[in-house]
Each structure stands twice: as C-alpha cells, then as structure tokens.
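Trainee:
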Amino acid sequence: MLNIKNLHAEIEGKEILKGLNLNVKPGEVHAIMGPNGSGKSTLASVLAGKEAYEVTQGQVHFNGKNLLEMAPEERAGDGLFLAFQYPVEIPGVSMMNFLKTSIQEVRKYRGQDPLNAKDFLKLVKERQALVELDKKLANRSVNEGFSGGEKKRNEVFQMAMLEPTLAILDETDSGLDIDALRIVADGVNKLRSPSNAFVVITHYQRLLDYIVPDVVHVLYQGRIVKTGPKELALELEEKGYDWLKLSATEQIEG
Amino acid sequence: MSISFDTWLNQAAKEASSPKVLGRQSEALQRAKALGKPTLKQEIWKYAPIESLLNELPWFQEAPSPKPVPVPGHSLGSWQYQDVAFCHKDPSGWFVASLPYMAMHQPEMLHHFFGAAPTREDDVFAEINTGHAQAGLFFHVPKGLHLNAPLSWLDKGPDLNPVRCIFHLEEDASMALDYRLLEGNGLPGLLNHAWEIHLERGAKLSLRRKLAQGKERGLVHHTLAKLHTKSCLEMHTSSLDARFQRLNYFVDLCEEEAHAAIIGLQVPEFQQHINTRVDLRHLAPNCTSHQEYRSISRGKAQAVFSGKILVARDAQKTLAYQHAAGLILDEQAKVYAKPVLEIYADDVKCSHGATTGQLDEEALFYLRARGISEALAQRMLTEAFYGSVLDKLPQGSLKDEIENDLRKKWS
Ligand SMILES: Nc1ncnc2c1ncn2[C@@H]1O[C@H](COP(=O)(O)OP(=O)(O)OP(=O)(O)O)[C@@H](O)[C@H]1O
Ligand SMILES: [Mg+2]
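Chains as they are written, first to last, in our numbering: chain A, 1 to 254; chain B, 1001 to 1411.
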C-alpha cells in the first residue's frame, strides 16, 4: 500500500530525512517512535504533501501511484489521512462548513455522488459518537479555542468521517487523558479493517496497549534504525534511546 | 459639461465672494483656494494616486438628469437629489427632500445644518463639497420617531458634483438606510460626496453602504458627523469595484455617552486604489467608539486604511477600539494600515491593532490535507477573513448582495 524508498527531504536547506525506507501493507498497524526532532512529523508532512519540504531523493508509492507528484488534496482523495500533531486553528471557517466541504470534495474526487444534507448530518452524529466528541464543538470555528485534547479528538473524528485507507496519526495520544486515550484508541480500532492501514507516531508505549501494532520502528536522525515486534516499544520505554543511538551512529558511519 | 479641476478651483475662488453663497460656503471656498490642488507631499494623500487622477479624470459638474424611478413603500429608488420639486414627506413625520427643495421651501433649516458639522480643514475636497454643493438630500426624522424599516436608496449617480446629504435626527429618533452607489450610466469622472450627520440626544442612525461606482469613476466621500449626548452612529461600508475611492470619516463625539461604530470592507483589484481615512475625536467623557476595517487587495491594487483617534483632555472614561486587518492575495497587491492615537486624557481605554499578511499557509495546508482543492481552500480562508465584518450587517438584501458580489470575485 505504501512504499517508501530511500527518502531524503529537507527544509530550508537542512536535510531532515536521510534515506528512509518503509513498507506498509493493507491491514497493518505500524508504530513509529523516536526522540524529539528525529524527523517523525517531517515524514508525516512529506507524505501528506506539505510544500515547504523538498524531497531531494527517493520514491514514495501509494497504492501504486507516485505520491510525490500528487497535490495534498489528491492524496487525501486517494485515501491518505494525516492526523496533525498540531491541528491548525482556522478562525472564521466553521467546523460544519469545513467538514461538509471536505467530505464533498473527497467524494467528488472518488467519483461518488455528493451526500445530501440529511445523510451528512447523520454521518456527523454517528462519527461524533464514535470518538465521544462534544457536539457543541461543531458549532465553532475549526479547532478555534479547542483544548489540546479536543483538538486531538477532532482529528480522529475527521478521520472517521473520511474513512481513509491509510491514516497517519502524529502523536494523537499526546495531551489526551487516560479516558480520552481509550476512546480515541477504540475509535481507531473500530475503523481497522483488512483493507486499511495505520501509521501511529507516538512517544508512549501506553497507546500501543490499546492500538496493538504489528511492527514498531525507531526513527533516529532521519532514518529508521530499528524495526521490531510490539515488544520493542516496551524495551524502548525501559531503556530509552541511548543504546540505539550508539548502534545507529556505528551503522551510519559504517 | 465637464471641466478640469484647475478651472473649477479658479471659478470657485471667484464665487467665494459672491453674495449668493452662504457664509460657511464662502469660508470653505476660501480654504479650498488656500489648500490648492492636492499633492502626494501631503501626509493625507500619501499612497494615493491623486495627482494623476486629477489629470486623467474630468471634474464634472452637470449632465442630463435621469428619470425618477418610483418604488413603493419606503424604498425610494433613485432619489431626485437635484430636482427642486423633490420632497417625500411621510405621514409619520419624517421627510427626505432635495437640497434645492430645501433651499426654496425651508431655507432656515437648511442653513442651520449645512456645513455645521466639522471638517478637518486639510482636505480640499471636503472644502469644495461644502463650498460648492448644489445637489443632495436632506433627511429629517422628528423627535421620538423610529423608522421601523430601513430606507433604501439606489444611487446610480446622476452626474452632478458635488453632492451633499444631510441627516438630521432629533431627540430619540432613529432610522436606518441601505445605500447603494452603483455604476449606472455615469460618465467617467471624480465624484465628490459628503454626508453630513447631526444626531441629537439619544438619536440613532445606522448607515449601511455598498460603494461600487465602477471601474471608470473615482469617488471622494466624506462623512462629517456630530454626535450629541447618548446618540449612536453605526456605519457599515463595503467598498468594491471602484477605480479610486477615498473615504473620509470625520466624526466628533461631542457630548457624553455618544457612540460611533465605523465598520468596513475594502476590496480593490486590478489597478484600483481604495483608501479610507478615519479621524475620530472623543471630545466628551464616557463616549465609546469601535472601528473595524478589513482590506483585501488583489492584482496590483492598493488598499489604505489610516485611522486616527483623538481623545481630548476632558474625555475621561473613553473607550475606543480600532482594528485594521489586511489580506494580500497577489504578489504585487498592497495593503497599508496606519493607526494613530493622540490621547490627552488619562483615564481612558484605547486599543488598536493592525495586521497585514497573506493567507495562512498552515491553514491552507490543513484544508488541502482534508481533500479541499487549493482554489477552494483559498476562497474559504478569504471568506473567513471578512466574514466577521460582513456578519455585522443585519440579515437582508444588502448583506446577501455584498456576499454575492464578493463570491463572484473569487470564483
Ligand atoms: N522550518 C524549519 N526550518 C528548519 N528546521 C526545521 C523546520 N521545521 C522542522 N525543522 C527541524 O526538523 C527536525 C525534525 O523535526 P520533526 O518535527 O520532524 O521532529 P519529530 O520527530 O516530529 O519531533 P517531536 O517528537 O518533537 O514531534 C527538527 O530538528 C526541527 O527543528
Ligand atoms: Mg513531531
């Protein structure tokens, strides 16, 4: 489903991703962990199509298409979804207008008929319930004045609305209380199916108790330096990243 | 007949000493003569292409008068502001009449108010307007009368210059006016309009305006207002489709607890220039004012907002708010904002802010990441930028119309 080969990307002349490889198949859940500043959000942004990043080398294929040639909206139309680490506040654009436009644009891209107002509202209600999102938030501007946790839930809510085939969750667990964490994880689990996949970026293995990954990767200095089963997350939590840094440096130098 | 600005100024100077004109008119003409032709060197014309405009556009005075358009109810369509016979007197007591009618039938009332609201004496056009106005409308609402429906005036601009309107609201009277200045079949030229506003104690005037006189014509428009105790002036102005516009707001809060709101949108495109100057004076204690302006500039257009708040020494407990925001949609488009505060009282709350920038890249990316095309995302953010100002217009035809005008621009 997603094939990343030797991906190099830079921002403002600074190379952040330095030859990253990753393969995600339908039905899988991949966790990506790694120290602050290692390039996790950069990877997520490059995949979603943020123009500030320049890809200098490598390829990314998504369902057989060359992802790097596509506009962000086309990527979304084709089923890629990014839950932002820092969801953006957009004063003056109402949540409802935003959701409706998003859904209709994606449906148009997929060659589906537009949803009528009644079905749209039904979907909104149903998916709000799924992540237990306060209904009142729908009356506000996009993310404006939302608490940290509300923003994160709102991301999962949008994911549930758009039903992506590949969802990248960038630290969606940060800022969530224990109950919210479970609710969000439940939401994700309900959306899991053999045909879609998740890439879950997190610092805490706690999330992985709820969303059990098939593989765990460690991203360090712009590369994936270790890949292992879900137990790797526990090991990281216990030992930190130092032991990996040493071997990674050896690997890079060697 | 059209004449140039210079010819006009010479003639006007001669007329200043004619016994036919009012004392205030004569003084204004003399001030106009002393000020002379505006130049870019004057601070108030900085950024404005006024010199080239005066060379390009005729300064016209007279043209064939249009046919009256009768419209039922309170909507009077194209009012005949140069017609000596025009007077609409409502059974409830308010009336609107042309200035020539007033000069003929109610000269004392006219002379009492005409030119009695303050100007700032540095703008030659305002002086010219006072000195030489020959047409316009006089609105009068008697004590305690509330006009429950807004009046509606569709101005297709008879080619007459300058035009002056006077609003006189007596104690506790109130009225609202929806005004549209449209392209019509006006000749190219520079229009000079002034609205002179006199609000007595507790009176409330609400003016909602769409100024879109067209790509061929320029407009200098002055709002000269004098507010007495507890009176309230609300203005909501959208400047669209204009080769050139200069709006002056010269507003004086003369007595306690008066309130003025100046809210507006200016949306120049192509090579257009739209320029708003607010000079608001708090002259008495406990008055409040609210200024909120949004500028959106496209193509090679320029939008200018300069807003001055003066708080006089006795104007304690003043509450003044000013915010100007600019959105630049194209590389060569410009927005200038210049706030000035001049405060001589010590117990006041004045806040002002100005922001200018392009569409927020992060927000754009967020929308696009949700499948919304770039063009649509830009439109949504642009609409969000002026939405809060447009939402201050009451529901109704003018709001819908402006909303549509703007939508058409983005699509
Ligand atoms: N606009 C920019 N200009 C220069 N450097 C940048 C820019 N944006 C990001 N970076 C740098 O890129 C590196 C990777 O950042 P990124 O956000 O991908 O890290 P991360 O792994 O997501 O970290 P965290 O766990 O803290 O979220 C950091 O060193 C960051 O400072
Ligand atoms: Mg990050």
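Glycine included, every Cβ here is placed at the ideal spot set by N, Cα and C.
Remember, it's a predicted structure, so these values are computed and weren't measured experimentally.
Quick check on this structure: which residue in Gly1307/B, Asp1241/B, Phe1114/B and Gln1134/B has the alpha carbon closest to the alpha carbon of Ile1262/B?
Mentor: Translated into the one-based positions of the second sequence, residue 1262/B becomes position 262. Ile1262/B has its Cα closest to that of Gly1307/B, out of Gly1307/B, Asp1241/B, Phe1114/B and Gln1134/B.
Trainee: Shortest alpha-carbon distance to Ile1328/B belongs to which of Thr1318/B, Lys1349/B, Asp1346/B and Pro1268/B?
Mentor: Against the second sequence, residue 1328/B aligns to sequence position 328. For Ile1328/B, the nearest C-alpha among the options comes from Pro1268/B.
Trainee: By alpha-carbon positions, which one of Leu1205/B, Phe1244/B and His1290/B ends up nearest to Gly1218/B?
Mentor: Locating residue 1218/B in the second sequence gives position 218, where the first residue counts as 1. The candidate whose alpha carbon is nearest that of Gly1218/B is Phe1244/B.
Trainee: How many angstroms separate the CA atom of Asp113/A from the CA atom of Gly77/A?
Mentor: Residue 113/A sits at position 113 when you count from the first residue of the first sequence. Residue 77/A sits at position 77 when you count from the first residue of the first sequence. Taking the straight line joining both Cα atoms gives about 14 Å.
Trainee: Grab the span of the alpha helix (DSSP H) containing Glu120/A for me, first residue to last.
Mentor: Here residue 120/A refers to the residue found at position 120 of the first sequence. One point to set straight first is that residue 120/A is Phe, not Glu, in the sequence displayed. Run containing Phe120/A: Ala117 to Leu130, per the alpha helix (DSSP H) assignment.
Trainee: For ligand 2, I want to know if Ser41/A counts as a neighbour, meaning its beta carbon is within less than 6 Å of at least one of the ligand's heavy atoms.
Mentor: Position 41 of the first sequence, counted from the start, is the residue given in the question as residue 41/A. Yes, since a heavy atom of ligand 2 falls inside the 6 Å radius drawn around the Cβ of Ser41/A.
Trainee: Comparing the CB of Gln221/A with every heavy atom of ligand 2, is any distance shorter than 6 Å?
Mentor: Position 221 of the first sequence, counting from 1, holds the residue named residue 221/A. Gln221/A Cβ: outside cutoff for every heavy atom of ligand 2.
Trainee: Within its chain, find whatever has a CB closer than 6 Å to the CB of Arg1313/B; leave out the 5 residues flanking it on each side and keep chain order.
Mentor: By one-based count along the second sequence, residue 1313/B stands at place 313. Answer for Arg1313/B: Tyr1344 and Ala1345, listed in chain order.
Trainee: Indicate, with yes or no, if ligand 2 has a heavy atom lying under 6 Å from the CB of Gln85/A.
Mentor: Position 85 of the first sequence, counting from 1, holds the residue named residue 85/A. The answer is yes for Gln85/A.
Trainee: Where do the ends of the alpha helix (DSSP H) carrying Glu171/A lie?
Mentor: One-based indexing of the first sequence puts residue 171/A at position 171. Here Glu171/A belongs to no alpha helix (DSSP H), and DSSP marks it neither H nor E.
Trainee: Using a 10 Å radius around the Cβ and a threshold of 16 neighbouring Cβ atoms, would you call Glu1361/B buried or exposed?
Mentor: Residue numbering aside, residue 1361/B sits at position 361 when the second sequence is read from its first letter. So Glu1361/B counts as exposed.
Trainee: Say yes only if the C-beta of Glu12/A is nearer than 6 Å to one or more non-hydrogen atoms of ligand 1, and no if none qualify.
Mentor: By 1-based counting over the first sequence, the position of residue 12/A is 12. Checking the Cβ of Glu12/A against ligand 1 gives yes.
Trainee: Which chain B residues are close to Ile4/A, counting only those with a beta carbon under 7 Å from its beta carbon?
Mentor: Working through the first sequence from its first residue, we reach residue 4/A at position 4. The contacting residues do not exist; Ile4/A stays about 18 Å from chain B at best.
Trainee: Could you check the C-alpha separation between Leu1190/B and Lys1204/B for me, to the nearest Å?
Mentor: Residue numbering aside, residue 1190/B sits at position 190 when the second sequence is read from its first letter. Residue numbering aside, residue 1204/B sits at position 204 when the second sequence is read from its first letter. Distance between the alpha carbons of Leu1190/B and Lys1204/B is about 31 Å.
Trainee: Using CA atoms only, rank isn't needed, just tell me which of Pro1142/B, Ala1149/B, Gly1036/B and Asp1172/B is closest to Glu1121/B.
Mentor: For the purposes of this step, residue 1121/B is taken as the residue at position 121 of the second sequence. Checked all of Pro1142/B, Ala1149/B, Gly1036/B and Asp1172/B; the closest Cα to Glu1121/B is Gly1036/B.
Trainee: Kindly list, in the order they appear in chain A, the residues whose Cβ is closer than 7 Å to that of Gly1385/B.
Mentor: Residue mapping note: residue 1385/B aligns to position 385 of the second sequence, counting from 1. At residue 1385/B the sequence reads Phe, which differs from the Gly that was named. Within chain A, the residues near Phe1385/B are Gly92.
Trainee: Out of curiosity, what's the CA-to-CA distance linking Lys1033/B and Glu144/A?
Mentor: Stepping through the second sequence from its first residue, residue 1033/B is reached at position 33. Stepping through the first sequence from its first residue, residue 144/A is reached at position 144. Taking the straight line joining both Cα atoms gives about 54 Å.
Trainee: Looking at the C-beta of Ser1373/B, does it have a partner C-beta in chain A at a distance below 7 Å?
Mentor: For the purposes of this step, residue 1373/B is taken as residue 373 along the second sequence, with counting starting at 1. Interface residue, yes.
Trainee: Whose C-alpha, out of Ile1166/B, Gly1264/B, Val1251/B and Glu1256/B, is nearest the C-alpha of Ile1402/B?
Mentor: On the second sequence, residue 1402/B is found 402 positions in, with the first residue counted as 1. Closest by C-alpha distance to Ile1402/B, out of Ile1166/B, Gly1264/B, Val1251/B and Glu1256/B, is Gly1264/B.
Trainee: Can you round the beta-carbon distance between Ile201/A and Ala44/A to whole angstroms, since I take them to be within the 8 Å contact cut?
Mentor: For the purposes of this step, residue 201/A is identified with residue 201 of the first sequence, where counting begins at 1. For the purposes of this step, residue 44/A is identified with residue 44 of the first sequence, where counting begins at 1. With 8 Å as the limit, Ile201/A and Ala44/A qualify as a contact, their Cβ atoms being about 7 Å apart.
Trainee: Do you know offhand how far Lys136/A's Cα is from Arg1368/B's?
Mentor: Against the first sequence, residue 136/A aligns to sequence position 136. Against the second sequence, residue 1368/B aligns to sequence position 368. Lys136/A and Arg1368/B have their C-alpha atoms spaced approximately 24 Å apart.
Trainee: Determine, for Met1380/B, whether the minimum Cβ-Cβ distance to residues of chain A falls below 7 Å.
Mentor: Taking the second sequence and counting its residues from 1, the one referred to as residue 1380/B is at position 380. Interface annotation, Met1380/B: in contact with chain A, CB-CB separation under 7 Å.
Trainee: Buried or exposed, going by whether 16 or more other CB atoms sit within 10 Å of the CB of Asp1279/B?
Mentor: As a first step, residue 1279/B is located in the second sequence; it is residue number 279 there, counting from the start. The residue in question, Asp1279/B, is buried, as its Cβ has 16 or more Cβ neighbours within 10 Å.
Trainee: Compare the C-beta of Ala1363/B against all C-beta atoms of chain A and say whether one is closer than 7 Å.
Mentor: The residue you call residue 1363/B lines up with position 363 of the second sequence. So yes, Ala1363/B belongs to the interface.
Trainee: Looking only at its own chain, which residues have a Cβ that is under 7 Å from the Cβ of Ala1333/B, when we skip the five neighbours before and after it?
Mentor: On the second sequence, position 333 is the one that residue 1333/B refers to. Ser1297, Arg1298, Gly1299, Lys1300 and Ala1301, listed in sequence order.
Trainee: Within the segment 1090–1119 of chain B, note down every full beta strand (DSSP E) run reaching 3 residues or more, in order along the chain.
Mentor: 1095–1098
Trainee: Counting only Cβ pairs nearer than 9 Å, list the residues of chain B close to Ala76/A.
Mentor: Here residue 76/A corresponds to residue number 76 of the first sequence, with the count starting at 1. Ordered by position in chain B, the residues that pass the 9 Å Cβ test against Ala76/A are Arg1368, Ala1369, Arg1370, Gly1371 and Ile1372.
Trainee: At 7 Å on the CB atoms, spell out the chain B contacts of Tyr109/A, in chain order.
Mentor: Translated into the one-based positions of the first sequence, residue 109/A becomes position 109. Those are Gly1371, listed as they occur along chain B.
Trainee: Along the chain, where does the beta strand (DSSP E) containing Ile1166/B start, and where does it finish?
Mentor: Here the question's residue 1166/B lines up with position 166 in the second sequence. Val1163 to Leu1169 is the extent of the beta strand (DSSP E) around Ile1166/B.
Trainee: State buried or exposed for Ser1092/B, treating a residue as buried only when at least 16 other CB atoms are found within 10 Å of its CB.
Mentor: Here the question's residue 1092/B lines up with position 92 in the second sequence. By the 10 Å Cβ count, Ser1092/B comes out exposed.
Trainee: Following a CB-centred definition, is Ser174/A positioned closer than 6 Å to any heavy atom of ligand 1?
Mentor: Indexing the first sequence from 1 puts residue 174/A at position 174. No, since every heavy atom of ligand 1 falls outside the 6 Å radius drawn around the Cβ of Ser174/A.
Trainee: Run through chain B and tell me which residues come within less than 9 Å of Ser102/A, C-beta to C-beta.
Mentor: As a first step, residue 102/A must be located in the first sequence, where it is residue number 102. Residues of chain B passing the Cβ test: Leu1367, Arg1370, Gly1371 and Ile1372.
Trainee: Closer than 6 Å to a non-hydrogen atom of ligand 1 - does that hold for the CB of Gly49/A?
Mentor: Walking along the first sequence from the start, residue 49/A turns up at place 49. Gly49/A: no, Cβ never under 6 Å from ligand 1.
Trainee: Can you say whether Pro1068/B is buried or exposed, counting buried as having 16 or more other CB atoms within 10 angstroms of its CB?
Mentor: Within the second sequence, the letter at position 68 stands for residue 1068/B. Residue placement at Pro1068/B is flagged as unreliable, the pLDDT there being 35, under the threshold of 50; the coordinate-derived value follows with that caveat. Pro1068/B comes out exposed.
Trainee: Is there contact here, the segment 65–72 of chain A with the segment 122–134 of chain A, by at least three beta-carbon pairs under 8 Å?
Mentor: Touching, no, given that fewer than three Cβ pairs across the two stretches are closer than 8 Å.
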